[in-house]
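First the structure, in the form of structure tokens, and then the observations on it.
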Amino acid sequence: VRLQVQNVEKPLYRGTFHCFQSIIKQESAFGLYKGIGSPMMGLTFINALVFGVQGNTLRALGNDTPLNQFLAGSAAGAIQCIICCPMELAKTRMQLQGTGEYKQKTKNYKNSLDCLIKIYQKEGLRGINRGMVSTFIRETPSFGFYFLTYDCMTRYLGCEAEDSYVIPKLLFSGGMSGIVSWLSTYPMDVIKSRLQADGVGGVTQYKGIMDCVRKSYHEEGWRVFTRGLTSTLLRAFPVNAATFATVTVFLMYMRSDDNIPECEPDPVIHQPSNL
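Here you go:
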């Protein structure tokens with residue numbers, strides 16, 4: 002977030018690792034965890050919603066085809082925006098608080114919940130949902146590619162329940178799914194972050210998505226839309242590797258019980274279909 006929204010004329014950070022070093026030096030290790038409250042509150046619900054909606058949508062579509070995997074994932078991505086947008090708004094505001102051009106003598110927010118409450122009191126529901134359209138544009142195709150990539154990778158690698166290498170294969174498939182999903186819509190994530198950061202400290206720059214795109218490109222060139230990509234991908238692989246592998250192994254364990262029927266007699270590669 003800090004790399005995505007920093008002032009190009011007076012940049013605080015030269016890149017991912019310089020940003021990491023600067024935060025440690027100036028704010029201690031605790032600075033790396035700014036804004037962690039809202040993801041901790043929201044991610045459990047988001048993952049439950051995403052995997053539940055994706056699985057049930059795929060069943061409703063009938064055939065387990067690549068197109069249906071994409072459509073089911075997209076539906077899941079669209080629905081979870083109602084939680085994701087306010088969560089990321091609080092995370093963004095908390096991470097920027099007290100830094101760079103957003104630095105102030107006193108902190109506006111005590112924590113993520115206090116941040117959302119104060120935004121609501123000042124701006125109402127519209128303020129809480131700042132960046133909703135850009136979040137929707139980012140999340141809908143992103144989750145489509147997320148589940149499509151996982152399905153294709155597990156099929157290609159031949160993930161079978163009895164395979165002794167099934168865990169490494171699932172981890173690799175999940176990690177690659179995360180990377181592909183982020184690459185597919187990353188420029189919109191930059192726009193989303195800038196829109197949600199806009200207005201902090203009383204400074205408003207953008208009228209909307211297209212205005213943000215035009216001004217960002219005009220002032221900083223096309224590279225602005227890849228700013229922060231390295232740190233995002235470094236995080237995306239392990240996070241999504243763990244997420245998909247955990248869900249798949251859990252379902253494999255549950256289905257080992259004779260009292261719980263499988264939706265299909267196929268191997269574990271169809272895991273997303275059967276959630």
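Numbering (my numbering), first residue to last: 2 to 276. Just so it is clear, CB atoms sit at the ideal spot from N, CA and C, and this is done for glycine as well. Given the structure is predicted, the values throughout are model-derived calculations rather than measurements.
Item to check | Candidates Ser-232, Ile-168 and Arg-139, of which the one nearest Ala-242 by Cα | outcome: Within the sequence shown, the letter at position 241 stands for residue 242. If we check each option's Cα against that of Ala-242, Ile-168 comes out closest.
Item to check | Leu-196 versus Ser-113 - alpha carbon distance | outcome: For the purposes of this step, residue 196 is taken as the residue at position 195 of the sequence shown. For the purposes of this step, residue 113 is taken as the residue at position 112 of the sequence shown. Spanning the two alpha carbons is a distance of roughly 18 Å.
Checklist entry - Does the Cβ-Cβ distance between Ile-210 and Ser-143 come in under 7 Å? => result Your numbering for residue 210 matches position 209 in the sequence shown. Your numbering for residue 143 matches position 142 in the sequence shown. The Cβ atoms of Ile-210 and Ser-143 do not sit closer than 7 Å to each other.
Item to check | Complete runs of the alpha helix (DSSP H) confined to the stretch 175-220 [at least 4 residues] | outcome: Qualifying alpha helix (DSSP H) stretches: none in this window.
Next on the checklist: Going by DSSP, what residue range makes up the alpha helix (DSSP H) through Lys-111?
Outcome noted: By one-based count along the sequence shown, residue 111 stands at place 110. For Lys-111, there is no enclosing alpha helix (DSSP H), since its DSSP letter is neither H nor E.
Checklist entry - Is the CB-CB distance between Lys-193 and Arg-139 below 7 Å? => result Locating residue 193 in the sequence shown gives position 192, where the first residue counts as 1. Locating residue 139 in the sequence shown gives position 138, where the first residue counts as 1. Taking 7 Å as the Cβ cut-off, Lys-193 and Arg-139 qualify as a contacting pair.
Item to check | Which of helix, strand or coil DSSP assigns to Thr-244 | outcome: Translated into positions along the sequence shown, residue 244 becomes position 243. When DSSP states are grouped into helix, strand and coil, Thr-244 belongs to the helix group.
Checklist entry - What is the DSSP secondary structure of Cys-160, counted as helix, strand or coil? => result In the sequence shown, residue 160 corresponds to position 159, counting from 1. Note: Cys-160 maps to coil in three-state DSSP.
Checklist entry - In angstroms, rounded to a whole number, what distance separates the CA positions of Pro-77 and Cys-85? => result Sequence index remark: in the sequence shown, residue 77 carries index 76 (1-based). Sequence index remark: in the sequence shown, residue 85 carries index 84 (1-based). In the sequence as presented, Pro is not what sits at residue 77; that position holds Ala. The alpha-carbon atoms of Ala-77 and Cys-85 are separated by roughly 12 Å.
Item to check | C-beta contact flag for Phe-148 and Gly-74 at 7 Å | outcome: In the sequence shown, residue 148 corresponds to position 147, counting from 1. In the sequence shown, residue 74 corresponds to position 73, counting from 1. Yes, they are a contact pair.
Checklist entry - Buried or exposed: Gln-81, going by 16 or more other Cβ atoms within 10 Å of its Cβ? => result For this step, residue 81 is matched to residue 80 along the sequence shown. Flag for Gln-81 reads buried.
Checklist entry - Contact between the stretch 115-128 and the stretch 172-188: three or more CB pairs below 8 Å? => result No, the stretch 115-128 does not touch the stretch 172-188.
Item to check | Classification of Lys-111 by the beta-carbon crowding that lies within 10 angstroms, buried from 16 upward | outcome: Locating residue 111 in the sequence shown gives position 110, where the first residue counts as 1. The residue is exposed, with fewer than 16 neighbouring Cβ atoms inside 10 Å.
Checklist entry - Just checking my contact of Ala-246 with Leu-172 at CB under 8 Å: how many whole Å lie between their CB atoms? => result Locating residue 246 in the sequence shown gives position 245, where the first residue counts as 1. Locating residue 172 in the sequence shown gives position 171, where the first residue counts as 1. Sure, about 5 Å apart at Cβ, within 8 Å.
Checklist entry - Does the separation of the CB atoms of Leu-235 and Tyr-187 fall below 7 Å? => result For the purposes of this step, residue 235 is identified with residue 234 of the sequence shown, where counting begins at 1. For the purposes of this step, residue 187 is identified with residue 186 of the sequence shown, where counting begins at 1. For Leu-235 and Tyr-187, no; Cβs fall outside 7 Å.
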